[in-house]
Amino acid sequence: MKKTYTVESTFNDMRLDRWIRNVLGNIPQGLIEKNLRSGKIKLNKKKIKSSVKVKTNDQIDLFDFEFKETILQKKIKFEPSQNIIKANEELIIDNNDDFIVLNKRAGISVQGGTKSKKNLIDIFNRSEIFKDTKPFSVHRLDKDTSGVFLI
């Protein structure tokens with residue numbers, strides 16, 4: 009589907025990419041560039057670059073150009089229950105003033121990430137052991153690796 013816009017005098021000498029954002033909304037630059045390269049956005053029936061300045065009465069054609077703003081979902085932070093905290097505290101081999109030695113189970117991450125919410129640092133951050141300080145890992149073990157771990 010083709011949609012044609014005529015540039016108004018208030019937008020004279022404005023870069024095409026800025027004109028698109030002013031008229032169509034907050035569209036990512038990458039999407040604008042991609043549609044310009046593929047010919048879905050044309051200025052006066054010609055394929056052009058985003059840096060070209062539009063003039064009053066220029067015709068801008070948009071072919072099959074659709075953009076829906078995505079609403080960023082709030083990150084869900086892992087909040088360990090008291091049972092999870094207690095179960096992990098029971099895995100402590102040694103606890104002194106400087107560090108904790110823990111027998112890490114396989115299947116739990118040391119630190120959180122994009123694909124991993126449940127992790128030891130968040131669990132011990134809410135533990136009574138670290139009520140006055142913040143736990144930091146001395147080293148890392150893979151999620152699927154069990155073994156001795158220092159916090």
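Residues 9 to 159 (my numbering) make up the sequence shown, in order.
Don't be surprised by glycine CBs; every beta carbon is placed ideally from N, CA and C.
The model shown is predicted, which means the values in this text are computed figures rather than measured ones.
What's the gap between the Cα of residue i and the Cα of residue j?
| i | j | result |
| --- | --- | --- |
| Phe132 | Ser117 | 12 angstroms |
| Gln37 | Asp130 | 36 angstroms |
| Asn34 | Glu74 | 12 angstroms |
| Lys55 | Lys123 | 41 angstroms |
| Pro143 | Ile137 | 9 angstroms |
| Lys63 | Glu41 | 20 angstroms |
| Asn65 | Val31 | 15 angstroms |
| Gly47 | Tyr13 | 16 angstroms |
| Arg148 | Lys94 | 22 angstroms |
| Phe19 | Trp27 | 7 angstroms |
| Asn91 | Asn104 | 23 angstroms |
| Ser89 | Lys139 | 16 angstroms |
Measuring alpha carbon to alpha carbon, tell me which residue in the options is nearest residue i.
| i | options | result |
| --- | --- | --- |
| Asp25 | Lys48, Lys57 and Asn52 | Lys57 |
| Arg23 | Phe107, Ser154 and Lys61 | Lys61 |
| Lys125 | Lys142, Asp140, Phe138 and Lys151 | Lys151 |
| Ser146 | Asp140, Asp106, Thr153 and Asp66 | It should be noted that the sequence gives Val, not Ser, for residue 146. Per the Cα distances, Asp106. |
| Asp72 | Ile49, Ser89 and Ile92 | Ile49 |
| Asp21 | Lys142, Phe138, Ser135 and Ser59 | Ser59 |
| Glu87 | Gly120, Asn52, Ser17 and Arg148 | Gly120 |
| Ile68 | Ser154, Leu44, Leu39 and Leu99 | Leu44 |
| Asn52 | Arg29, Val15 and Thr153 | Val15 |
| Thr141 | Glu98, Ile159 and Arg29 | Ile159 |
| Glu98 | Lys139, Gly115 and Ser135 | Ser135 |
Apart from the five residues just before and just after residue i, which ones in its own chain have a Cβ nearer than 8 angstroms to its Cβ?
| i | result |
| --- | --- |
| Val156 | Ile101, Val109, Leu110, Asn111 and Lys112 |
Excluding the five sequence neighbours on either side, which residues of its own chain have a C-beta within less than 7 angstroms of the C-beta of residue i, listed in chain order?
| i | result |
| --- | --- |
| Lys11 | Leu70 |
| Met9 | Asp72 |
| Ala114 | Asp152, Thr153 and Ser154 |
| Arg29 | Ile35 |
Go ahead and label residue i buried or exposed: buried means 16 or more other beta carbons lie within 10 angstroms of its beta carbon, across all protein chains shown.
| i | result |
| --- | --- |
| Leu128 | buried |
| Asn96 | buried |
Can you name, in chain order, every residue of its own chain whose Cβ lies under 6 angstroms from the Cβ of residue i, other than the five neighbours on each side?
| i | result |
| --- | --- |
| Ser17 | Thr64 |
request  = Could I get the ranges of all uninterrupted beta strand (DSSP E) runs contained in the region 20–102, with 3 residues as the minimum, in chain order?
outcome  = Runs of the beta strand (DSSP E) spanning 3 or more residues and lying entirely within the region 20–102 occur at 49–51 and 67–71, in chain order.
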